[in-house]
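Below: one structure, written as structure tokens.
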Amino acid sequence: NAGVTQTPKFQVLKTGQSMTLQCAQDMNHNSMYWYRQDPGMGLRLIYYSASEGTTDKGEVPNGYNVSRLNKREFSLRLESAAPSQTSVYFCASTRAGVCTFGSGTRLTVV
Amino acid sequence: GDSVTQMEGPVTLSEEAFLTINCTYTATGYPSLFWYVQYPGEGLQLLLKATKADDKGSNKGFEATYRKETTSFHLEKGSVQVSDSAVYFCALSANPNFGNEKLTFGTGTRLTIIP
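Taken in sequence, the protein lines are chains A and B. According to the numbering used here, the first sequence is numbered sequentially starting from 233. According to the numbering used here, the second sequence is numbered sequentially starting from 59.
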């Protein structure tokens, strides 16, 4: 009963480096999301995918790209990391409005 | 646009005290309302939900009632325990019945319970 699995759990990047955060869910949910969590700001939506083959921008998409590889997988890519992207990133999937979250990726950009 | 405003923390209470965390919302249409809880080092977990006006969500001794007239969804618990220490997020999903399942979150309230 894995739910939503995110990798890696921790990552340190240098400014300008790129990386991809991986996310997979085994609940057959159509909708998947990427959020970032910053102190005092709650969770903010970066991108979402309402179904396989579709992606849309959320509240804070700049500096990120996503790929909905199939129904299970939804990856988030940082092409050129910046210190402002230091955050905790959560992947989630949703059914009937109820969100199941992964355990998060703590990313530090130095 | 949609928004959620919740009581700022941190909140510190003694064990067995009564808890209220205020949450108000702004949304068009008929949103569903949620409380999520985040324990240290973990992702968010659904605590309770309500999908229409006057619904009461409840779980683990926590309750919240969907009040459309005051656009509120306050979280309450009659007697808190040390294990309730966590960050609590109020959230809404606008028009979930029409496929819009994106969640809008409040900023979170950190709760600490002292033995």
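Think of the CB as a built atom: it goes at the ideal place given N, C-alpha and C, for glycine as much as any other residue.
- By the neighbour-count criterion, in which a residue is buried when 16 or more other Cβ atoms sit within 10 angstroms of its Cβ, MET273/A is exposed.
- Taking 3 residues as the minimum length, the beta strand (DSSP E) runs contained wholly in the stretch 69-139 of chain B are 69-72, 77-79, 81-84, 90-96, 102-108, 114-117, 120-123, 133-135, in order along the chain.
- THR326/A belongs to the set of residues whose beta carbon lies under 7 Å from a beta carbon in chain B.
- Cα atoms of LEU77/B and ASN294/A: separation of roughly 39 Å, rounded to the nearest angstrom.
- Where MET259/A is concerned, there is no enclosing beta strand (DSSP E), because DSSP gives it neither an H nor an E.
- Apart from sequence neighbours up to five positions away, the residues of its chain that approach THR252/A with a beta-carbon distance below 6 Å are SER307, ARG309, ordered along the chain.
- Contact annotation for THR165/B against chain A: GLY272, MET273, GLY274 [CB-CB distance below 8 Å, chain order].
- Segment contact: the stretch 238-249 of chain A against the stretch 128-147 of chain B, fewer than three CB-CB distances shorter than 8 Å; contact not assigned.
- In chain order, VAL236, PHE322, ALA324 place their CB closer than 7 Å to the CB of PHE333/A, counting only its own chain and leaving out the 5 sequence neighbours on each side.
- For the stretch 304-336 of chain A, the set of residues with a beta-carbon nearer than 7 Å to any beta-carbon of chain B comprises PHE322, THR326, ALA328, GLY329, VAL330, CYS331, PHE333, GLY334, SER335, GLY336, in chain order.
- Per the C-alpha coordinates, the member of TRP93/B, ALA75/B, GLY59/B positioned closest to GLY329/A is TRP93/B.
- Only residues of its own chain outside the window of five on either side were considered, and among them GLN238, VAL320, TYR321, PHE322 have a CB closer than 7 Å to the CB of GLY336/A, listed in chain order.
- Counting along the chain, the unbroken beta strand (DSSP E) around ASN297/A starts and ends at 296-300.
- A Cβ-Cβ distance of about 15 Å is found for the pair VAL62/B and TYR88/B, leaving them out of contact under the 8 Å criterion.
- Using a Cβ-Cβ cut-off of 7 Å, SER281/A is close to nothing in chain B; its nearest Cβ partner there is about 11 Å away.
- Residue GLN139/B holds the alpha-carbon nearest to the alpha-carbon of LYS118/B among GLN139/B, LYS126/B, GLY99/B.
- Within chain B, the residues LYS160 have their CB atoms less than 7 Å from the CB of LEU277/A, given in chain order.
- Using a Cβ-Cβ cut-off of 7 Å, GLY101/B is close to PHE322, PHE333, GLY334, SER335, GLY336 of chain A, given in chain order.
- Under the three-state reduction of DSSP output, SER141/B falls in the helix class.
- One thing to note: ALA85/B has its Cβ within 7 Å of the Cβ of ASP60/B.
- For GLN243/A, the enclosing beta strand (DSSP E) stretches over residues 242-245.
- Among the residues facing chain A, LEU104/B is included, as its CB has a counterpart in that chain under 7 Å away.
- Ranked by how close their Cα comes to the Cα of PRO271/A, the residues GLN257/A, THR318/A, CYS255/A, SER283/A have THR318/A in first place.
- When beta bridges are read from the DSSP output, SER281/A appears opposite MET264/A.
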